[in-house]
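Enquirer:
Protein chains: 2
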Amino acid sequence: MALRVRLVLDVFRSETEFVRWLRKQVPGKARGLRLGIGDDAAVVEVEPHRGVVLKSDMCIENVHFNRGHHPPFSVGHRSLTRPLSDLAAIGAVPRFALVSLALSRSTPPVWIEEFYAGLLALAMRFGVTLVGGDVARMHAPTVIDVIVTGEVELGTELRRSGAKPGDRIFVSGELGLAALGLRLLRLQRHVNTRHRRTPGRGDPSLVSALRAQLYPEPRCKLGRLLSTGNLASATIDLSDGLSTDLHHLCEASGVGARVSEELLPVPLTSEYPRRTRLSLALHGGEDYQLLFTVPSGKEIPASLGDVPLRCIGEIRRSKQILLIRNDGRQSALPPGGYDHFRHLA
Amino acid sequence: MALRVRLVLDVFRSETEFVRWLRKQVPGKARGLRLGIGDDAAVVEVEPHRGVVLKSDMCIENVHFNRGHHPPFSVGHRSLTRPLSDLAAIGAVPRFALVSLALSRSTPPVWIEEFYAGLLALAMRFGVTLVGGDVARMHAPTVIDVIVTGEVELGTELRRSGAKPGDRIFVSGELGLAALGLRLLRLQRHVNTRHRRTPGRGDPSLVSALRAQLYPEPRCKLGRLLSTGNLASATIDLSDGLSTDLHHLCEASGVGARVSEELLPVPLTSEYPRRTRLSLALHGGEDYQLLFTVPSGKEIPASLGDVPLRCIGEIRRSKQILLIRNDGRQSALPPGGYDHFRHLA
Numbered sequence: 001m002a003l004r005v006r007l008v009l010d011v012f013r014s015e016t017e018f019v020r021w022l023r024k025q026v027p028g029k030a031r032g033l034r035l036g037i038g039d040d041a042a043v044v045e046v047e048p049h050r051g052v053v054l055k056s057d058m059c060i061e062n063v064h065f066n067r068g069h070h071p072p073f074s075v076g077h078r079s080l081t082r083p084l085s086d087l088a089a090i091g092a093v094p095r096f097a098l099v100s101l102a103l104s105r106s107t108p109p110v111w112i113e114e115f116y117a118g119l120l121a122l123a124m125r126f127g128v129t130l131v132g133g134d135v136a137r138m139h140a141p142t143v144i145d146v147i148v149t150g151e152v153e154l155g156t157e158l159r160r161s162g163a164k165p166g167d168r169i170f171v172s173g174e175l176g177l178a179a180l181g182l183r184l185l186r187l188q189r190h191v192n193t194r195h196r197r198t199p200g201r202g203d204p205s206l207v208s209a210l211r212a213q214l215y216p217e218p219r220c221k222l223g224r225l226l227s228t229g230n231l232a233s234a235t236i237d238l239s240d241g242l243s244t245d246l247h248h249l250c251e252a253s254g255v256g257a258r259v260s261e262e263l264l265p266v267p268l269t270s271e272y273p274r275r276t277r278l279s280l281a282l283h284g285g286e287d288y289q290l291l292f293t294v295p296s297g298k299e300i301p302a303s304l305g306d307v308p309l310r311c312i313g314e315i316r317r318s319k320q321i322l323l324i325r326n327d328g329r330q331s332a333l334p335p336g337g338y339d340h341f342r343h344l345a
Numbered sequence: 346m347a348l349r350v351r352l353v354l355d356v357f358r359s360e361t362e363f364v365r366w367l368r369k370q371v372p373g374k375a376r377g378l379r380l381g382i383g384d385d386a387a388v389v390e391v392e393p394h395r396g397v398v399l400k401s402d403m404c405i406e407n408v409h410f411n412r413g414h415h416p417p418f419s420v421g422h423r424s425l426t427r428p429l430s431d432l433a434a435i436g437a438v439p440r441f442a443l444v445s446l447a448l449s450r451s452t453p454p455v456w457i458e459e460f461y462a463g464l465l466a467l468a469m470r471f472g473v474t475l476v477g478g479d480v481a482r483m484h485a486p487t488v489i490d491v492i493v494t495g496e497v498e499l500g501t502e503l504r505r506s507g508a509k510p511g512d513r514i515f516v517s518g519e520l521g522l523a524a525l526g527l528r529l530l531r532l533q534r535h536v537n538t539r540h541r542r543t544p545g546r547g548d549p550s551l552v553s554a555l556r557a558q559l560y561p562e563p564r565c566k567l568g569r570l571l572s573t574g575n576l577a578s579a580t581i582d583l584s585d586g587l588s589t590d591l592h593h594l595c596e597a598s599g600v601g602a603r604v605s606e607e608l609l610p611v612p613l614t615s616e617y618p619r620r621t622r623l624s625l626a627l628h629g630g631e632d633y634q635l636l637f638t639v640p641s642g643k644e645i646p647a648s649l650g651d652v653p654l655r656c657i658g659e660i661r662r663s664k665q666i667l668l669i670r671n672d673g674r675q676s677a678l679p680p681g682g683y684d685h686f687r688h689l690a
């Protein structure tokens with residue numbers, strides 16, 4: 001182990017050594033890769049009659065992750081999950097990735113190594129090849145920008161803008177789990193330093209909340225099935241929280257929506273009151289599930305691509321976004337997710 | 346003007362408003378664009394038989410730019426120049442861009458507006474369409490990551506690795522101009538606060554140094570001519586400085602090089618001693634000129650794509666990188682550019 005750390009330190013002594021190390025972490029001969037890490041840019045081949053899908057997504061220290069809560073392997077996983085989830089919403093097959101890394105000067109080499117290990121483990125599972133990027137160091141928190149390209153048959157790409165009045169609204173998986181996981185991580189850290197007891201141990205629902213926060217699963221397979229099966233009229237990935245992302249989809253489609261509290265897949269655990277869990281399901285972000293709308297007459301199975309699906313409401317002509325409470329009352333559902341511009345100076 | 350600023354402030358009050366504003370800045374109907382800003386990801390078409398070129402490049406406040414020296418219009422221009430220059434070195438035609446922007450909380454809205462104006466003005470000149478990206482705010486210096494995609498006929502892409510012993514080494518334009526420009530900007534700021542005199546005013550060479558620093562011109566046209574004319578055996582763009590980038594090219598090609606001091610296109614100005622100007626030409630970065638090697642027997646004109654070209658030395662079998670001084674003495678030329686990993690904790 002000591003030897004390994006020494007080797008890693010050696011590798012991170014110059015940019016040239018770093019690029020050489022990174023090249024060794026990545027499988028050399030990926031399908032369609034013509035020119036990869038270490039040249040001025042990457043060159044890749046695209047299958048005929050397919051469009052290229054492009055997405056970049058940032059992961060910022062103390063905004064999207066926190067070194068006290070997220071081990072570097074998880075940060076690598078989550079950084080790639082963000083753009084992969086967007087490709088899932090398009091119905092694209094992911095192919096290549098670039099990583100731009102502005103590293104805090106205090107980052108130890110082993111953190112960088114574990115970060116790439118986490119990112120590349122997920123990349124391998126999803127058939128994504130890392131082909132390049134950029135790296136720099138600075139006196140500030142770490143900023144990671146992951147760019148993913150994918151392919152989609154032109155004309156079959158899913159988008160936010162196709163929802164029509166009368167369409168049913170579906171979500172995959174459970175909502176609010178990742179936000180619940182973040183609460184547990186904060187509590188865990190607090191408890192660890194005081195009582196040395198880990199919350200959530202033994203409760204399978206809390207374990208899955210931790211997993212949803214640290215290792216979210218992008219829904220690429222589900223997105224492909226929706227796109228190739230021509231099942232969805234509009235899609236969006238749930239990164240900012242249901243209330244915010246539903247607003248985005250409705251705005252792009254020029255429609256409104258009504259969702260029912262009783263239909264929402266709220267996390268099941270007796271450790272938190274229903275009111276808290278409902279709030280997490282509505283406004284907690286980072287679930288990376290898909291929200292999609294389905295025209296009337298199309299059948300949606302109970303699960304697709306091994307992910308359970310749930311109808312939570314319907315699209316309406318009126319542009320309001322409404323929530324029907326369990327007691328039957330209706331109220332407006334304002335976007336409650338994080339907005340980077342809200343507190344602009 | 347007051348009205349304009351009020352409008353801008355309004356626009357930057359939420360992410361939705363920001364995206365709406367950004368969409369208005371970008372021409373709507375670009376060739377090959379299927380799905381652009383505001384959806385989960387962009388979808389673009391690729392011409393048949395062409396490869397996709399991918400590059401991301403970061404521009405970090407207080408590392409690559411400084412608000413005291415670089416107006417926001419220049420920061421936008423420079424952020425896009427960095428990846429465009431890499432595409433020039435591949436010989437690719439640039440097509441689409443993504444911008445990931447992690448903004449310092451203290452950034453005023455007018456800075457963001459001017460940044461995009463500078464970036465989009467250069468994008469328009471080079472036929473590049475902005476198709477998406479990401480935006481966030483943080484308590485730290487601004488980090489900009491610009492991703493450019495391009496196209497190249499598969500098999501004609503230029504790379505770092507093709508240089509052979511006996512090949513002549515060429516550079517475009519002047520070297521060290523951008524570094525000289527940075528010196529002038531620093532001096533200017535110093536002088537402005539003390540003597541209210543602007544250095545470089547009237548001296549055309551110093552004016553072009555300021556232009557090289559603030560508004561560098563990516564050599565995309567030259568790169569295309571080298572690639573389509575099959576003229577170069579290897580290329581690299583000069584972003585880190587001649588000494589560093591020549592090392593990169595030689596390492597990728599498994600060769601060495603010998604360059605002559607007297608052949609270097611050093612900035613011409615009587616305000617700085619030759620020794621200083623030579624050092625800037627060898628080690629000063631950010632020139633965004635192309636360095637390329639040419640097999641013996643191939644003719645290279647005095648200029649290509651309106652850029653003067655200069656032979657500065659030759660590739661050799663021995664892996665050393667040598668500089669022949671004007672007095673005939675030979676010495677090793679170590680990489681003298683900035684290395685983000687050199688001072689790793």
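Chains as they are written, first to last, in my numbering: chain Y, 1 to 345; chain V, 346 to 690.
Note that beta-carbon positions come from the ideal geometry of N, C-alpha and C, so glycine has one too.
Model, not experiment: these values are computed from the prediction.
How about residue 446(V) and residue 405(V): do their beta carbons lie closer than 8 Å?
Expert: No; because the gap between Cβ atoms is not below 8 Å, this pair is not in contact.
Enquirer: Taking only beta-carbon positions, decide if residue 169(Y) is within less than 8 Å of chain V.
Expert: It does not; no Cβ of chain V falls within 8 Å.
Enquirer: Between 399(V), 598(V), 465(V), which has its C-alpha nearest residue 504(V)'s C-alpha?
Expert: Selected option, being the one with the closest Cα: 598(V).
Enquirer: Around the Cβ of residue 195(Y), are there at least 16 other Cβ atoms within 10 angstroms (buried) or fewer (exposed)?
Expert: No answer about residue 195(Y) holds up, because its pLDDT of 49 lies below 50 and its placement is not dependable.
Enquirer: Is any beta-carbon of chain Y found at less than 8 Å from that of residue 477(V)?
Expert: For residue 477(V), the answer is yes, since a Cβ of chain Y falls inside 8 Å of its Cβ.
Enquirer: Between which two residues does the alpha helix (DSSP H) carrying residue 442(V) extend?
Expert: First-last for residue 442(V): 438 to 449, but that is the beta strand (DSSP E), not the alpha helix (DSSP H).
Enquirer: Establish whether the CB of residue 96(Y) and some CB of chain V are separated by less than 8 Å.
Expert: By this cut-off, residue 96(Y) is an interface position.
Enquirer: Quick check: the stretch 453 to 462 of chain V against the stretch 383 to 399 of chain V, are there 3 or more CB pairs under 8 Å?
Expert: Segments in contact, no.
Enquirer: Give the DSSP-derived three-state secondary structure of residue 14(Y) in the structure shown.
Expert: It is coil, neither helix nor strand.
Enquirer: Could you check whether the Cβ of residue 670(V) sits closer than 8 Å to any Cβ belonging to chain Y?
Expert: By this cut-off, residue 670(V) is not an interface position.
Enquirer: From the DSSP output, in three-state form, read off residue 391(V) for me.
Expert: Looking at residue 391(V) - three-state DSSP - the assignment turns out to be coil, as it is neither helix nor strand.
Enquirer: Could you give the C-beta distance for residue 93(Y) and residue 224(Y), rounded to a whole number, given that I count them as a contact under 8 Å?
Expert: The pair is a contact, with the Cβ atoms about 7 Å apart (cut-off 8 Å).
Enquirer: List in chain order: all unbroken beta strand (DSSP E) runs of 3+ residues lying wholly within the stretch 420 to 503 of chain V.
Expert: Complete beta strand (DSSP E) runs here, min 3: 438 to 449, 474 to 483, 488 to 498.
Enquirer: Under the three-state reduction of DSSP, which class applies to residue 638(V): helix, strand or coil?
Expert: Strand.
Enquirer: Does the beta-carbon distance from residue 163(Y) to residue 234(Y) come in below 8 Å?
Expert: Contact flag set, yes.
Enquirer: Looking at C-alpha atoms only, which residue of 122(Y), 307(Y), 177(Y), 140(Y) is the closest neighbour of residue 267(Y)?
Expert: Of the candidates 122(Y), 307(Y), 177(Y), 140(Y), the one whose C-alpha sits nearest the C-alpha of residue 267(Y) is 177(Y).
Enquirer: I'd like to check one pair, residue 590(V) with residue 636(V): are the Cβ atoms closer than 8 Å?
Expert: In this structure, residue 590(V) lies closer than 8 Å to residue 636(V) by Cβ.
Enquirer: When the Cα atoms are used, what is the spatial distance from residue 466(V) to residue 410(V)?
Expert: Looking at the two C-alpha atoms, the distance is approximately 19 Å.
Enquirer: Buried or exposed for residue 83(Y), please, with buried defined as at least 16 other CB atoms from any protein chain shown within 10 angstroms of its CB.
Expert: Buried: at least 16 other Cβ atoms inside 10 Å.
Enquirer: Going by C-alpha to C-alpha distance, which of 239(Y), 134(Y), 172(Y) sits closest to residue 15(Y)?
Expert: Taking only the C-alpha atoms, the option nearest residue 15(Y) is 134(Y).
Enquirer: For residue 303(Y), which of helix, strand or coil comes out of DSSP?
Expert: If DSSP states are grouped into helix, strand and coil, residue 303(Y) belongs with the strands.
Enquirer: Can you tell me whether residue 421(V) is buried or exposed, with buried defined as 16 or more other CB within 10 angstroms of its CB?
Expert: Looking at its Cβ environment, which holds 16 or more other Cβ atoms inside 10 Å, residue 421(V) is buried.
Enquirer: Once you ignore the five residues that flank residue 681(V) on each side, which residues in its own chain have a CB closer than 7 Å to its CB?
Expert: Closer than 7 Å at the Cβ level, and outside the excluded window around residue 681(V), lie 586, 588, 589, 627, 628.
Enquirer: So, using beta-carbon positions, are residue 183(Y) and residue 288(Y) closer together than 8 Å?
Expert: No.
Enquirer: Need the endpoints of the beta strand (DSSP E) that residue 213(Y) sits in, please.
Expert: Looking at the DSSP string, residue 213(Y) is not in any beta strand (DSSP E); the run it does join, the alpha helix (DSSP H), is 204 to 214.
Enquirer: Going along chain A, which residues have a C-beta under 7 Å from residue 481(V)?
Expert: The chain labelled as chain A is not found among the protein chains of the depicted structure, namely Y and V.
Enquirer: Just to make sure I have the definition right: I need the residues of chain Y whose C-beta is within less than 7 Å of the C-beta of residue 485(V). Which are they?
Expert: Chain Y residues near residue 485(V): 140, 141.
Enquirer: For residue 572(V), does the count of other Cβ atoms within 10 angstroms reach 16, so buried, or fall short, so exposed?
Expert: Looking at its Cβ environment, which holds 16 or more other Cβ atoms inside 10 Å, residue 572(V) is buried.
Enquirer: Between the stretch 627 to 661 of chain V and chain Y, which residues of the former have CB atoms less than 8 Å from a CB of the latter, in chain order?
Expert: Going along the stretch 627 to 661 of chain V in chain order, one finds no residue with a Cβ nearer than 8 Å to chain Y.
Enquirer: Can you check whether the C-beta of residue 318(Y) is within less than 8 Å of a C-beta belonging to chain V?
Expert: Cβ-Cβ to chain V under 8 Å: no for residue 318(Y).
Enquirer: Is the Cβ-Cβ distance between residue 604(V) and residue 668(V) less than 8 Å?
Expert: Yes. Within cutoff.
Enquirer: Between residue 302(Y) and residue 469(V), what straight-line distance do the alpha-carbon atoms span, to the nearest angstrom?
Expert: Straight-line Cα distance between these residues: approximately 48 Å.
Enquirer: Rounded to whole angstroms, what's the CA-CA distance from residue 679(V) to residue 602(V)? Just pull it up for me.
Expert: C-alpha separation (whole angstroms): 12 Å.
Enquirer: Please list, in chain order, the chain V residues whose beta carbon lies closer than 9 Å to that of residue 160(Y).
Expert: Going along chain V in sequence order, the residues near residue 160(Y) (Cβ under 9 Å) are 383, 384, 385.
Enquirer: Less than 7 Å between the CB of residue 650(V) and some heavy atom of the ligand MG, yes or no?
Expert: Among the ligands in the structure shown, none appear at all, so the ligand MG cannot be discussed.
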